[in-house]
Structures are given as structure tokens and as C-alpha cells.
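Q: Can you keep this structure in mind? I'll have questions shortly.
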Amino acid sequence: MAQTQSDGTWCIFDTITPSSSLIMQFGKGTICSGEYLEPPGPPQFTQGDTMVEGKTKIAVIGAGNVGATCAFVLAQKKLGDIVLLDIFEGFAKGKALDMSQGGQILNYDGSITGTSDYADIAGAEVVVVTSGFPRQPGMSREDLIGKNADIVSQVGAGIREHAPDSVIVMVTNPLDLMTYHMQKVTGFPPHRVVGQAGILDSARMTHFVAQEIGCSNEDVQAMVLGGHGDTMVPLPRYTTVGGIPITQLLDSDTIDAISKRTAGGGGEIVKLLERGSAFYAPGSAAAIMAESVVKDRKRLLPCSAYLSGQYGLDDIYIGVPVTLGKNGVENIIELNLEDSELESLQGSANFYKGQLTELLGY
Ligand SMILES: NC(=O)c1ccc[n+]([C@@H]2O[C@H](COP(=O)([O-])OP(=O)(O)OC[C@H]3O[C@@H](n4cnc5c(N)ncnc54)[C@H](O)[C@@H]3O)[C@@H](O)[C@H]2O)c1
920 MAQTQSDGTW CIFDTITPSS SLIMQFGKGT ICSGEYLEPP GPPQFTQGDT
970 MVEGKTKIAV IGAGNVGATC AFVLAQKKLG DIVLLDIFEG FAKGKALDMS
1020 QGGQILNYDG SITGTSDYAD IAGAEVVVVT SGFPRQPGMS REDLIGKNAD
1070 IVSQVGAGIR EHAPDSVIVM VTNPLDLMTY HMQKVTGFPP HRVVGQAGIL
1120 DSARMTHFVA QEIGCSNEDV QAMVLGGHGD TMVPLPRYTT VGGIPITQLL
1170 DSDTIDAISK RTAGGGGEIV KLLERGSAFY APGSAAAIMA ESVVKDRKRL
1220 LPCSAYLSGQ YGLDDIYIGV PVTLGKNGVE NIIELNLEDS ELESLQGSAN
1270 FYKGQLTELL GY
């Protein structure tokens, strides 16, 4: 889409799935909808297109695969200054410097800094937490709980002290349990702690549907609820291609196969990589959530959110559709689920409730 700016320059917005503007290009005139837009002079940036001092700050904890990918996407989205924090200072500093140097190539400028000092995240509006061990082949996400709960406790204390007004986007696995744990550690209101899972799981389903139908990813909208694990709940009834439910486009065996592959989507990648887990799509998904918060976009996205009665569930973090804005989770959407769908969602939540008690003592 081409738009003329208030200063007479113009720009083209390119969209990616999920439908958000990722790349903003400025340049000479182009034909758009049959109309030629002639720029008055050299490309100029308007406010909001560059990162300048004093702007929005986003912190990413964990400079590993997911954290670095998230920071890199955030940089290209020009949302604000980025602080990358890792327990290994040099690792965070090195990645931040590398990304900063990429700014000239990819047309972003502003501050991307690496640190191991929580004082540097002060003032962050959003803190994306990716610190923690990833899965190795043969492991379930729940196998990570022992190691990662301690890391989340440590990180939560740092956030509570230095970014007490932030919205936390959790990524560390096992996701729904670590999101719950982070809320308890920080004592933040539950709406300011939210987990990334559903955007990724839905994107995986989207991709498999698009492959099966032979259409663009962009035209598919999938909905996956429940926990970020084997109990996740893909919802074919709420998965559409150009507005058409896939139940009208694919037979039930194909849909079942897609749902199954979606639920095992992370494991498929872990097996292929042989070391570590997926990070391009997960890091991008976390960046989309951070964007929705700092820009108060109120995107409607499936996220791990704290339930207090919705879907018949209480005191649990689980994947449901929410709107995400500057206050974090601003609204939880209650879908009109069929009995079997609701049972699956409740079954998933009850599995995690058991794990919270058994493994974390809640
Ligand atoms: N929610 C999701 O959809 C999703 C998807 C993929 C991965 N994950 C999870 O995200 C986490 C990170 O995965 P990854 O592939 O980036 O792993 P990684 O090993 O590449 O990176 C983890 C980083 O965390 C850092 N770290 C460890 N302890 C820390 C601490 N106390 N403070 C600060 N930093 C610390 C490590 O030094 C490392 O750089 C894992 O738990 C993984 O399972 C979640």
C-alpha cells in the first residue's frame, strides 16, 4: 500500500503474516493502483520511522536464538530502543553490536545495546523473556521446568526491580507454566504478564493449511488455543482461508493430519536441528506481541493469558484469544466452543494445573 506523508514524501507498506507492517520502504515514485506518486525530493524520514533517544524502550532477556531473532525483528520494525540482556554479557554485547552494524544495510538506526545489568532495562515498556534452556531431541517442554524455573525467578526479580511498570511477554518454556511463575515472582497484575505460544502454533497451522491448499500463507487465518505442548487445541472451525472455514475446503482426514502436525510442530524442528529448538518464527511472534503493546495496536491474537473464570477455568495461564494493547491483555475473547472443543481446552488447562502443583508447588 502506498501512502503520501504529511511532508509530501511517500512510502510503501509491505505486510507479512500475521498482518502487520514490517518493512517500510522509501524511494522514488511507483505505480500504485494505477496512480503515479512523485516524491518532491530525496527520501525523508518522518517521526516514528527512526529510533531516537528517549523513545520507547523494549528489553529482550536472553540473547540466544529466540531473543536475538526477536530483537532483530524489533529493530527492523523501528519500534524503539532495544536492550538485549544475557547472563553472558559479551554474548549480548556482541549480538547487539552485530545488529547495530546491520542497521545501515537494513535501514534502521537507533540504539541496540547489550548488557548483563538489569539497571539497563529501566524504563522498558515491554520486556520479552527468552532466557532459558531450549529442548533437545527426545525432550518435552515440561522436561525443562527444573532448570528454567530458577532462571525465570532470577529474571523476574530483575524486572520487578528495574522495569516495574512493564508488560512482560514470556517465551521461555514450558511456556504456560513459566508465564504463571513469572506473574507470581513479579507480583505484576496478571494482565501485564502474557505468554507467546498461540501466534506461533497458529502460524504453523496456517503454513500447513496453505501448503495443502496451495495458497498464500497470508490468506490463511488459523486458531490454536490451549497449552503450548502436546495438549494444544487446534480449532479447524475457526481456521479460514480467505474467510472460508477449512472444514469446507479440506476433508476431515487432511484436517486431522494438519492438526496433529501442528501440535508436534516444535518437536519436528527440534528433531531436524538435533540441537536446540525453533527460533525464527518464535522470535518473530514475540516481536509481534511487543509491537501490539508498544503501539497499543490492540491486535486480536491467541496468547497465554491468565484466566479467572473464562472458559470455566480459573487461576491458570492458557492459550486463548486476547486483545493486546498498552496495558497488556486488555480483553479475553470467549469463543462459543462446541463441547468437544471446550473439553480439549479444559483438559489442556487441567494438565498444566497439575504440573503447577506437582512441579512448582503452586
Ligand atoms: N514459547 C515459544 O513458542 C517458544 C518457542 C521456541 C523456544 N522457546 C523457549 O525459549 C527459550 C530460549 O530458547 P533459545 O532457542 O533462544 O535458547 P538459547 O539457548 O539459544 O538462548 C537462551 C539464552 O538464555 C540465556 N540465559 C540463561 N540463563 C539466563 C539468566 N539467568 N539470565 C539471562 N539470560 C540467561 C543464555 O545465556 C542464552 O543466551 C527456551 O526455553 C525455549 O524452549 C519458546
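According to our numbering, the sequence shown is numbered sequentially starting from 920. In this text, a Cβ means the ideal position worked out from N, Cα and C, and glycines have one as well. From a predicted model like this one, the values you see are computed outputs, not experimental measurements.
1. Does any C-beta atom of chain B lie closer than 8 Å to the C-beta of Glu1260?
2. Quick one: is Gly953 buried, meaning 16 or more other Cβ sit within 10 Å of its Cβ, or exposed?
3. What span of residues does the alpha helix (DSSP H) with Met1151 cover, start to end?
4. Given a cut-off of 8 Å, decide if Met1142 and Pro1201 are closer than it, judged by their beta-carbon atoms.
5. Take the Cβ of Pro1155 as the centre, count every other Cβ of all protein chains shown within 10 Å, and call the residue buried at 16 or more, exposed below.
6. Distance check for Asn1250 and Met1208, CA to CA, integer angstroms please.
7. What is the DSSP secondary structure of Gln995, counted as helix, strand or coil?
8. Could you tell me whether the region 1071-1091 touches the region 1121-1136, using the rule of 3 or more Cβ pairs below 8 Å?
9. Do Glu1131 and Ile1177 count as a contact pair if the criterion is CB distance below 8 Å?
10. Could you check where the beta strand (DSSP E) with Ala1224 kicks off and where it finishes?
11. With a threshold of 7 Å (Cβ to nearest heavy atom), would Leu1119 be considered close to ligand 1?
12. What span of residues does the alpha helix (DSSP H) with Pro1155 cover, start to end?
13. In the DSSP assignment, what residue or residues form a beta bridge with Gly1145?
14. Taking a contact to mean a Cβ-Cβ separation below 8 Å, would you say Val1239 touches Leu1119 in this structure?
15. Whose C-beta lies closer than 8 Å to the C-beta of Val1088 among residues of the same chain, with five residues either side of it excluded?
16. Can you tell me whether Val1213 is helix, strand or coil according to DSSP?
17. Using only the alpha-carbon positions, how far apart do Asp968 and Lys997 sit?
18. I need the DSSP call for Asp1017, collapsed to helix, strand or coil.
19. Where do the ends of the beta strand (DSSP E) carrying Met1089 lie?
20. Could you compute how far the alpha carbon of Glu1061 sits from the alpha carbon of Asn1092?
21. For Lys976, does the three-state DSSP call read helix, strand or coil?
22. Our contact map puts Leu1094 next to Ser1223 with C-beta atoms below 8 Å; I'd like the distance itself, whole angstroms only.
23. For Gly1161, collect the residues of the same chain with a Cβ closer than 7 Å to its Cβ; drop the 5 residues on either side in sequence, then sort them by chain order.
24. So Thr1181 and Pro1153 are supposed to be a Cβ contact under 8 Å. How far apart are they, rounded?
25. DSSP three-state label for Ile1040, please.
26. Along the chain, where does the alpha helix (DSSP H) that runs through Asn1246 open and close?
27. Locate the beta strand (DSSP E) running through Gly1033, then write down its first and last residues.
28. Can you tell me whether Ala1116 sits near ligand 1, meaning its C-beta is under 7 Å from at least one heavy atom of the ligand?
A: If we stick to the structure as given:
1. Of the protein chains in this structure there is only one, and it is not chain B.
2. The predicted position of Gly953 is uncertain, since its pLDDT is 33 and thus under 50; a value taken from the coordinates is nonetheless stated next. Answer is exposed; the Cβ neighbour count stays below 16.
3. First-last for Met1151: undefined, no H or E at that position.
4. no
5. buried
6. 14 Å
7. helix
8. no
9. yes
10. Arg1218 to Ser1227
11. yes
12. No alpha helix (DSSP H) holds Pro1155; DSSP gives it neither H nor E.
13. Gly1238
14. no
15. Val1045, Val1046, Val1047, Val1048, Val1113, Gly1114, Gln1115, Ala1205, Met1208, Ala1209 and Val1212
16. helix
17. Here Asp968 scores only 42 on pLDDT, less than 50, and its place in the model is too uncertain to base an answer on.
18. helix
19. Val1086 to Met1089
20. 7 Å
21. strand
22. 6 Å
23. Asp1138
24. 5 Å
25. helix
26. Run containing Asn1246: none; DSSP gives neither H nor E here.
27. Ile1031 to Thr1034
28. yes
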